[in-house]
Amino acid sequence: MTIGIIGGGLSGLTAAALFAKQGTPVTLWDAGLLGGRATSQTVKGFTFNYGAHAIYGRDQSILRKLTKQLGIEVTWLDFSASRAKYEFSGHLTAVPANAWGLLKTEVIEGTNKVRFTWEIIKTILRVERGDPQQSIGQWLKTERVDEQVAQLMLDLASTNFFTAEPEKIPSDVYFEYYQKLFRTRKPVSYIEGGWQGLVQELERIILENRGEILKKTKITAVESTTTGFLVRDRKKQEWNVERIIFAVPPREILKMATPTAIQRFVTPYASHEPVEVFVYDLGLHPYIQTPYSYIYDRSHRAFITDLSHYDASLAPKDGQVLQAIAYLEHDRLEEPDYIGHVRTGIEQMLDVHFADWRQRIVAERTIKRAVVQEIKWKMGQAPLATHIPDHAGVAFVGDWCEGTGQLSELAFSSAVSVFNRWT
């Protein structure tokens, strides 16, 4: 069996590494930089990541198994729950990320802390499973969940699903996700050195096991043959493979010339709404000392992370990397002043919590509409299946596909799903 993989993001690299490690001949084509959205950029000595290179619930994550299976060497830097704060009524309070945080936080009052704990227990025990026909917002109203408890449940979803509209998440998706995450002892972890460290490790595994990676190779056509598929790039170079994996989003697949069955299968998903955020990266010098490393502001649907607190390698000596992310409302993106309003909100947060940050800027980067997940979890939208019925030689992987977890974990889990099915 020979396998061709179109796309060198996390999902494509993971699939290629798994098959190559097993001894299957693999060719991976990538049009841009390996890693896809999981990239790192160095500006004046500061390393900015597309996203906070964070993994949720790593002790429960499929990435934990992958690192062992592939022999990937990654250093984990765990989130400091005691340094995580919520902006609440004009001051900071503890984030209820664990039992101690729940005890100390002011975002929810005494008796409601018990009610919230009961919701956690019911979720872990699968007493609550939700309904695919009902959003979590509708479910909370139907069940008459206390307003404070309901708001905290939505706040959690906002931060984990990177959405300004958590109430629209299907309730069954919500409970399935938190059934696992509520059991974790490692709620958030960062990869030392950023995404690039993981990308380089996956590339190493592929090449060490005789896999082939063709960079800056844009595939424009995939044709069915009697033995599999003919893959062609824009320079008319061709390759023959027995099976094909598309590790690029549906909208990118539709730009290629592919068999009719593939076109029909992916077309409905190409118009789905993505998860978009506003990202503001800052490289500061000298370091601003604070008693917190993470702040979430409910009113702005935004958070700021002091990434240097976890990973000193991201900044020069005495430097600091701050990353501010605001969740965007899709229906407001066409408003002319909306993005400016979002940026102003982030700057206000920085003014309050990181004094003199403007005077310390050495490097900065702004991404006004960063896509962090190709298909948003909301009612009326569903992820792409990893396989087409009756087409055993075609597969799809990526954060837009069916899998477990959210964001990057969907990329990993979809790749594992295809590997398990084909081996």
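For the sequence shown, the residue numbers in full-length UniProt numbering are 1 to 423.
All C-beta atoms, glycine included, are put in the ideal place defined by N, C-alpha and C.
Worksheet entry | alpha helix (DSSP H) segments (min. 4 residues) lying fully within the region 68 to 92 | The DSSP assignment places no complete run of the alpha helix (DSSP H) inside the region 68 to 92 (cut-off: 4 residues).
Discussion item. Looking at the strands, I want to know which residues DSSP matches up with P170.
Written reply: One-based indexing of the sequence shown puts residue 170 at position 170. The partner list for P170 (beta bridge, DSSP) reads S135.
Worksheet item: Relative to the alpha-carbon of K216, which residue among V397, L34, I136 has its alpha-carbon at the smallest distance?
Response: Position 216 of the sequence shown holds residue 216. Selected option, being the one with the closest Cα: L34.
Worksheet item: Relative to the C-alpha of T2, which residue among A15, S11, L10 is closest?
Response: Indexing the sequence shown from 1 puts residue 2 at position 2. That would be A15, whose Cα lies nearest to the Cα of T2.
Discussion item. Check this for me: beta carbons of L28 and E212, under 8 angstroms apart or not?
Written reply: For the purposes of this step, residue 28 is taken as residue 28 along the sequence shown, with counting starting at 1. For the purposes of this step, residue 212 is taken as residue 212 along the sequence shown, with counting starting at 1. Here L28 is near E212, since their CB atoms are less than 8 angstroms apart.
Worksheet item: Looking at the structure shown, is L400 part of a helix, part of a strand, or coil, going by DSSP?
Response: The sequence position of residue 400 within the sequence shown is 400, counting from 1. For clarity, residue 400 is Trp in the given sequence; the question names Leu instead. It is coil, neither helix nor strand.
Item to complete: Check whether the region 166 to 181 touches the region 132 to 146, counting contact only when three or more Cβ pairs, one atom from each stretch, lie closer than 8 angstroms.
Response: A contact exists between the region 166 to 181 and the region 132 to 146.
Discussion item. Am I right that E87 and R358 are in contact with their C-beta atoms under 8 angstroms? What's the rounded C-beta distance?
Written reply: Position 87 of the sequence shown, counting from 1, holds the residue named residue 87. Position 358 of the sequence shown, counting from 1, holds the residue named residue 358. With 8 angstroms as the limit, E87 and R358 do not qualify as a contact, their Cβ atoms being about 20 angstroms apart.
Discussion item. Please identify the residue among H391, A385, P389 whose C-alpha is closest to the C-alpha of A415.
Written reply: Working through the sequence shown from its first residue, we reach residue 415 at position 415. The residue from H391, A385, P389 with its alpha-carbon nearest to that of A415 is A385.
Discussion item. Is it the case that the region 185 to 193 contacts the region 140 to 158, given that we only count it when at least three CB pairs across the two stretches are under 8 angstroms?
Written reply: The region 140 to 158 is not in contact with the region 185 to 193.
Worksheet item: Taking the C-alpha atoms as reference points, what is the distance between K368 and T344?
Response: Taking the sequence shown and counting its residues from 1, the one referred to as residue 368 is at position 368. Taking the sequence shown and counting its residues from 1, the one referred to as residue 344 is at position 344. Rounded to the nearest angstrom, the two C-alpha atoms are 12 angstroms apart.
Practice prompt. Look up A94 in the DSSP assignment and say whether it is helix, strand or coil.
Written response: In the sequence shown, residue 94 corresponds to position 94, counting from 1. The answer is strand: DSSP assigns A94 an E or B state.
Fill in: Spatially closest choice to I245 from A17, D351, V418, by CA coordinates
Walking along the sequence shown from the start, residue 245 turns up at place 245. The shortest Cα separation from I245 among A17, D351, V418 belongs to V418.
Worksheet item: Going by C-alpha distance, which of A355, A54, P25 is nearest L196?
Response: Taking the first residue of the sequence shown as position 1, residue 196 is located at position 196. Contrary to the premise, residue 196 reads as Gln rather than Leu in this sequence. In terms of Cα proximity to Q196, the closest of A355, A54, P25 is A54.
Item to complete: Just list the beta strand (DSSP E) runs in the region 287 to 357, keeping only unbroken ones of 3 residues or longer that don't cross its boundaries, in chain order.
Response: You should have 294 to 297, 302 to 306, 320 to 327.
Worksheet entry | Cβ-Cβ separation, E409 to L63 (assumed contact under 8 angstroms), whole Å | Reading the sequence shown from its first residue, position 63 is the one you call residue 63. Reading the sequence shown from its first residue, position 409 is the one you call residue 409. Approximately 7 angstroms separates the beta-carbon atoms of L63 and E409; this is inside 8 angstroms, confirming the contact.
Worksheet entry | Cβ distance (whole Å) where V279 is taken to contact Q323 below 8 angstroms | Start at 1 with the first residue of the sequence shown, and residue 279 comes out as number 279. Start at 1 with the first residue of the sequence shown, and residue 323 comes out as number 323. With 8 angstroms as the limit, V279 and Q323 qualify as a contact, their Cβ atoms being about 7 angstroms apart.
Item to complete: Could you say which of Q41, F19, V26, A20 lies nearest to A315 if we only look at CA atoms?
Response: The residue labelled residue 315 in the question sits at position 315 within the sequence shown. Minimum Cα distance to A315 is reached at Q41.
Worksheet item: Counting pairs of Cβ atoms below 8 angstroms between the region 326 to 334 and the region 236 to 250, do you hit three or more?
Response: Touching, no, given that fewer than three Cβ pairs across the two stretches are closer than 8 angstroms.
Worksheet item: Helix, strand or coil for V241 per DSSP?
Response: Taking the sequence shown and counting its residues from 1, the one referred to as residue 241 is at position 241. Strand at V241.
Discussion item. Let me check understanding here. Comparing Cα to Cα, which of A382, T111, H353 lies closest to I288?
Written reply: Taking the first residue of the sequence shown as 1, we reach residue 288 at position 288. Looking at the Cα atoms, H353 is the closest of the given residues.
Worksheet item: Cβ of Q133 within 7 angstroms of any heavy atom in the ligand SAH?
Response: Among the ligands in the structure shown, none appear at all, so the ligand SAH cannot be discussed.
Discussion item. Do I6 and V26 count as a contact pair if the criterion is CB distance below 8 angstroms?
Written reply: Locating residue 26 in the sequence shown gives position 26, where the first residue counts as 1. Locating residue 6 in the sequence shown gives position 6, where the first residue counts as 1. If you check the CB distance, V26 and I6 do not come in under 8 angstroms.
Fill in: Nearest candidate by alpha-carbon position, reference A20, set E203, E128, S80, F48
Numbered from its first residue, the sequence shown carries residue 20 at position 20. Out of E203, E128, S80, F48, E203 has the C-alpha closest to the C-alpha of A20.
Worksheet item: So, using beta-carbon positions, are I346 and A363 closer together than 8 angstroms?
Response: Residue numbering aside, residue 346 sits at position 346 when the sequence shown is read from its first letter. Residue numbering aside, residue 363 sits at position 363 when the sequence shown is read from its first letter. With respect to the 8 angstroms criterion, I346 and A363 are not classified as neighbours on the basis of their beta carbons.
Worksheet item: Which same chain residues, not among the five before or five after residue 430, have their C-beta less than 6 angstroms away from its C-beta?
Response: Summary: the structure shown does not reach residue 430, with the chain confined to residues 1 through 423, and so no result is reported for it.
Practice prompt. Give the straight-line distance between the Cα atoms of G57 and Y177, rounded to the nearest whole angstrom.
Written response: Taking the first residue of the sequence shown as 1, we reach residue 57 at position 57. Taking the first residue of the sequence shown as 1, we reach residue 177 at position 177. Here the alpha carbons of Y177 and G57 stand approximately 10 angstroms from one another.
Discussion item. My assumption, with CB atoms under 8 angstroms, is that E276 sits in contact with L328. Please give the rounded CB distance.
Written reply: Position 276 of the sequence shown, counted from the start, is the residue given in the question as residue 276. Position 328 of the sequence shown, counted from the start, is the residue given in the question as residue 328. Indeed they touch by this definition, with Cβ atoms about 5 angstroms apart.
Worksheet item: DSSP puts I206 in a beta bridge; with which residues?
Response: As a working mapping, residue 206 is identified with position 206 in the sequence shown. None, per the DSSP bridge assignment.
Item to complete: Might you give, ordered along the chain, the residues of its own chain that have their beta carbon closer than 7 angstroms to the beta carbon of F79, omitting 5 neighbours on each side?
Response: To locate residue 79, count along the sequence shown from 1; it is residue 79. Counting only Cβ-Cβ distances below 7 angstroms, and skipping sequence neighbours, we find P187, V188, S189.
Worksheet item: Between which two residues does the alpha helix (DSSP H) harbouring A221 extend?
Response: What you label residue 221 is simply residue 221 of the sequence shown in a count that begins at 1. Run containing A221: none in the alpha helix (DSSP H); it sits in the beta strand (DSSP E), 219 to 224.
Worksheet entry | 8 angstroms contact criterion, which T117 and V107 should meet: CB distance rounded | The residue given as residue 117 occupies position 117 in the sequence shown. The residue given as residue 107 occupies position 107 in the sequence shown. Going by Cβ atoms, the distance from T117 to V107 rounds to 14 angstroms, so no, they are not a contact pair.
Discussion item. Comparing C-alpha positions only, which one of R234, L230, E73, Q381 sits nearest to R243?
Written reply: As a working note, residue 243 is residue 243 in the sequence shown. Of R234, L230, E73, Q381, the residue nearest in Cα terms is L230.
Worksheet entry | Residue environment, P291, which counts as buried when at least 16 other CB atoms sit within 10 Å | Locating residue 291 in the sequence shown gives position 291, where the first residue counts as 1. Burial check for P291: the Cβ neighbour count within 10 Å stays below 16, so the residue is exposed.
Worksheet entry | Alpha-carbon to alpha-carbon, F161 and G90 | Here residue 90 refers to the residue found at position 90 when the sequence shown is read from its first residue. Here residue 161 refers to the residue found at position 161 when the sequence shown is read from its first residue. Cα to Cα, the separation comes out at about 25 angstroms.
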